Structure formats: C-alpha cells, structure tokens
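According to numbering that gives the first Met the number 0, the sequence shown is numbered sequentially starting from 0. Structure first, commentary second.
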Amino acid sequence: MTTDNRVDTYASLRIPDFRYFVMNSFLITATLLIQEVVLGYELYKITHDPLSLGLVGLAEALPFIALSLFGGHLADRRDKKRILQWSLLVITLGSVILYAVFQPSIVGQLSRTAQLATIYGVLMLIGTAKGFYSPASSSLKPFLVPRELYANSATWSSSFWQTGAIIGPGVAGFIYSGLGFDNTLLVVIGLLVVCFVLITLVSRKPVPVSNEPVQGFRESLKEGFRFVFKTQIVLYAISLDLFSVLFGGVVAILPIFAEDILKVGAEGLGFLRASPSIGAVLTLAIMTRFPPIHNAWRNMLLAVAGFGVATIIFALSTNFYLSLIMLGLTGAFDSVSVIIRQTIMQIFPPDHLRGRVAAVNGIFVSSSNEIGAFESGLMARLFGTVPSVLLGGAFTLVALVYIYAKSKALLAVKLM
C-alpha cells in the first residue's frame with residue numbers, strides 16, 4: 000500500500016472557499032463572544048441579578064426560534080452567501096446601537112428601565128439575524144468540499160469555531176480591563192466588518208439551490224421536520240445535544256461564579272469562559288488524525304456522560320483551578336459530540352433539504368444555548384447558583400439514559 004492512501008489531515012483547508020468560510024467562523028464566533036462576555040459582565044454590575052444574564056440568552060433565542068425555520072426555507076431557495084452578508088450587516092447594526100446606548104449623552108436621557116429595554120431589544124435584533132445566518136451557513140458548508148471530506152471538514156470547522164470560542168472570552172476580560180466597555184464594543188464593530196469581507200470572498204461560483212417543485216411555506220417546513228423525525232440518527236443526535244446544552248450548560252452564569260463564588264473578577268471570568276474551548280480545541284486537534292466516527296454512536300453517548308459528570312464536579316468546586324479543569328473537560332467531551340453530530344448532519348440530509356434540516360437542528364440545538372442561558376439564570380435565582388448547576392448535570396445524565404434505551408440500534412451504524 001502506498002502513502003497516497005493515507006488521510007490528508009489538511010485536505011479541506013487546501014480548498015480556498017472552505018478556508019475563507021472557517022476563518023469567518025472563527026472570527027464571528029470570537030467577536031460575538033467578546034460582546035456577550037463584556038455585555039453580561041456590565042449588566043451584572045448594573046443589576047446584580049442572575050436573571051438579567053438569563054434574559055440575554057432569551058432575548059436572542061425567541062426571534063431565532065421564530066424565524067429559523069423560515070431562514071432554512073429561504074436558504075434552500077436563495078443565494079446562501081447573500082443571506083449571510085445581509086445577516087452580518089444587521090448584526091453589525093445591532094452592535095453599533097449597543098455602543099450608542101451606553102454613551103453618556105444617551106444614558107443621561109434614558110431611565111434604567113429604558114436602557115435595559117433597548118439592550119434586550121438589540122439582542123432580539125441580533126437573534127433575528129442569526130435566525131437567517133445559522134441555516135444559511137450550515138447549509139452552505141457541504142457545498143464547499145467534496146463528500147469524502149465531510150468528516151474532515153466537520154473537524155476543521157469545529158476547530159476554528161472552538162478556537163474562536165477560546166479567543167473571544169479569553170481576551171474579552173483583558174480588553175474590558177484595558178480599554179473599557181465602550182472601546183471594546185468599537186473593537187467588536189471593526190471585527191464584524193472583517194467578517195463581512197471574509198464572507199464576500201467565499202464561494203465565487205454559483206451555489207446550488209433547490210430544483211424541487213415550488214411548495215407552500217408550511218409544506219416546505221413539514222418536509223424538513225418529517226425528514227428529521229423519520230431519520231433516527233439525526234433525531235437522537237439533535238436530542239442528545241439539546242438536553243446536554245439546555246440543562247448542563249453553565250456559561251451564562253459564569254459571571255456569578257467569577258464574582259461571588261470563586262472571586263476572580265473580570266480577568267478570571269475570561270479564563271473561565273475560555274476553559275471549555277481550550278479543552279475542546281485540544282481534543283479537536285487529536286480528532287483531526289483520529290476522528291471519533293468509528294463507533295460513532297457509542298462515542299457520542301460516552302461524551303455526553305462525561306459532560307454531565309464534569310458539570311456536576313464543577314458545581315461542587317470552590318477551587319479556581321479545579322473549576323477550570325472541569326470546564327475544560329466539558330469542552331473536550333462536547334467537542335466529540337459536535338464532530339459526530341456535524342458529520343451526521345452533512346451525510347444524511349439530501350442537498351435540497353439541507354437548509355430546512357439545518358434550521359430544525361438550529362432550533363433544537365443552537366437556540367438551546369440561549370434558552371439554556373435563560374434556564375440557568377432562572378434556576379440560579381430560584382434555587383441558588385450551585386444547586387441549579389447540580390440539577391442541570393443530573394438532568395443531563397437522566398436524559399442520556401433515556402435516549403440510550405431508545406437508540407441501542409444505532410450502536411451498529413457506521414458513518415463513513
């Protein structure tokens with residue numbers, strides 16, 4: 000056997016369109032997380048209310064859920080690149096408004112209630128744009144690489160995304176400390192402009208759109224849901240990620256851990272936010288050579304179990320370094336499930352359904368980050384911060400046991 004048959008670890012990155020795509024994925028992830036971290040910290044300093052942090056997630060999730068299905072319908076019938084460009088313009092506009100609403104000349108004319116209402120309104124605008132951006136981005140990616148590189152491209156796209164998730168929160172606290180809140184938002188606006196340029200460079204060739212007969216909007220959406228619910232591996236992959244992120248996520252309430260429990264301040268918050276992604280990127284680096292798609296379903300079940308256990312230990316920890324390690328493990332385990340789910344989402348949906356299936360996936364998974372943020376803030380307010388995280392980790396393990404009992408047949412499925 001010759002060396003020509005060996006896997007090229009960098010195969011997807013040798014394709015220019017895919018390189019621009021993942022560079023944008025890295026940058027927009029880092030940029031929006033910088034904004035999210037500093038905005039959450041500023042809000043908590045203003046209100047000292049855990050629910051205010053949860054409302055940040057809810058404000059983005061509601062329009063995302065309401066519009067994502069239409070966004071998927073549109074992505075299957077319109078130029079995906081154009082949808083991404085318009086969505087980025089709206090997100091940039093939202094950041095400009097956030098910058099304006101914190102200026103002293105504006106703050107002096109607004110009551111505290113009016114200022115908070117404007118902030119949450121802007122977050123709803125950003126959530127609206129994400130409702131179109133997310134399915135268009137997910138459905139564009141498979142057209143940028145040949146089918147035999149789907150697993151490789153899923154690993155690299157996750158790596159770039161997770162690296163952005165490290166850089167964003169990792170530098171947010173330092174930028175906030177060094178430049179202040181207002182100047183950090185100016186940095187965010189500048190980076191969003193760069194994201195627009197990168198998307199403009201992606202896919203200069205025409206992007207395939209659906210050639211199926213024109214359907215009504217309702218029937219179009221039903222077709223996407225029918226595919227998800229009749230394809231067990233897609234349904235259960237979405238469900239596992241949904242429950243682990245919805246109940247087990249702690250990211251939204253990390254400002255409380257940083258400020259009140261671990262007492263490490265804004266810089267410590269940056270490390271806490273970055274830790275899950277550091278664990279994820281280290282794991283993803285390994286998975287570029289050793290993809291987890293052999294015995295994929297077993298690996299996904301084990302990864303979600305590890306995520307739940309690490310979340311419970313984090314809840315009990317009062318040591319900053321142990322907390323960092325446990326958060327790092329949650330990122331490591333989550334990255335395994337993300338690679339498997341992304342590979343499933345690229346292999347199984349037919350081309351003409353990719354936008355709608357991505358939208359369904361986005362509602363049940365991507366929005367669960369924001370709904371999970373609201374759930375975290377609400378539970379922390381009702382039961383206390385530590386008990387709420389303990390309950391979340393326990394719920395994750397209960398959901399895992401249930402899905403395992405329903406999905407044993409999937410243990411024999413081979414993805415590639």
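Glycine is no exception: its CB is placed at the ideal position from the N, C-alpha and C atoms. Because the structure is a prediction, the values reported are computed rather than measured.
Cβ separation of residue i and residue j, assumed to be a contact under 8 Å, to the nearest whole Å
{"i": "residue 125", "j": "residue 90", "result": "5 Å"}
{"i": "residue 279", "j": "residue 334", "result": "4 Å"}
{"i": "residue 265", "j": "residue 172", "result": "4 Å"}
{"i": "residue 52", "j": "residue 252", "result": "6 Å"}
{"i": "residue 339", "j": "residue 298", "result": "6 Å"}
{"i": "residue 16", "j": "residue 143", "result": "5 Å"}
{"i": "residue 257", "j": "residue 271", "result": "6 Å"}
Option nearest residue i by Cα separation, candidates the options
{"i": "residue 68", "options": "397, 184, 135, 181", "result": "135"}
{"i": "residue 12", "options": "32, 158, 105", "result": "158"}
{"i": "residue 163", "options": "281, 290, 26, 178", "result": "26"}
{"i": "residue 325", "options": "138, 309, 133, 70", "result": "309"}
{"i": "residue 10", "options": "270, 147, 235, 233", "result": "147"}
{"i": "residue 384", "options": "255, 92, 14, 66", "result": "255"}
{"i": "residue 34", "options": "93, 302, 257", "result": "93"}
{"i": "residue 64", "options": "360, 380, 404", "result": "360"}
{"i": "residue 87", "options": "50, 24, 118, 48", "result": "24"}
{"i": "residue 120", "options": "273, 137, 57, 84", "result": "57"}
{"i": "residue 301", "options": "319, 317, 271, 336", "result": "336"}
{"i": "residue 342", "options": "137, 82, 305", "result": "137"}
{"i": "residue 198", "options": "238, 20, 183", "result": "20"}
Burial state of residue i (16 or more Cβ within 10 Å)
{"i": "residue 296", "result": "buried"}
{"i": "residue 1", "result": "For residue 1, the predicted model reports a pLDDT of 40, less than 50, meaning its position is unreliable; a value from the coordinates is still stated below. When all chains shown are included, residue 1 counts as exposed."}
{"i": "residue 288", "result": "exposed"}
{"i": "residue 408", "result": "exposed"}
{"i": "residue 259", "result": "exposed"}
{"i": "residue 104", "result": "exposed"}
{"i": "residue 112", "result": "exposed"}
{"i": "residue 225", "result": "exposed"}
{"i": "residue 174", "result": "buried"}
{"i": "residue 45", "result": "exposed"}
{"i": "residue 382", "result": "exposed"}
{"i": "residue 127", "result": "buried"}
{"i": "residue 59", "result": "buried"}
{"i": "residue 177", "result": "exposed"}
{"i": "residue 37", "result": "buried"}
{"i": "residue 307", "result": "buried"}
{"i": "residue 85", "result": "exposed"}
{"i": "residue 320", "result": "exposed"}
C-beta neighbour in chain B for residue i, strict 8 Å
{"i": "residue 188", "result": "Absent from the structure: chain B. Only one protein chain is present."}
Note to self: Would you call the stretch 353–360 in contact with the stretch 69–78, where contact means no fewer than 3 C-beta pairs closer than 8 Å?
What the structure shows: With three or more CB-CB distances shorter than 8 Å, the stretch 353–360 counts as touching the stretch 69–78.
Notebook entry, point to check: Counting pairs of beta carbons, one from the stretch 23–34 and one from the stretch 191–199, are three or more of them closer than 8 Å?
Noted result: In short, these stretches touch, since the Cβ pair count reaches three.
Margin query: For the stretch 174–188 against the stretch 83–100, do three or more pairs of beta-carbon atoms, one drawn from each stretch, fall closer than 8 Å, so that the two count as touching?
Written below: Taking a cut-off of 8 Å on C-beta distances, the stretch 174–188 touches the stretch 83–100, as three or more cross pairs fall below it.
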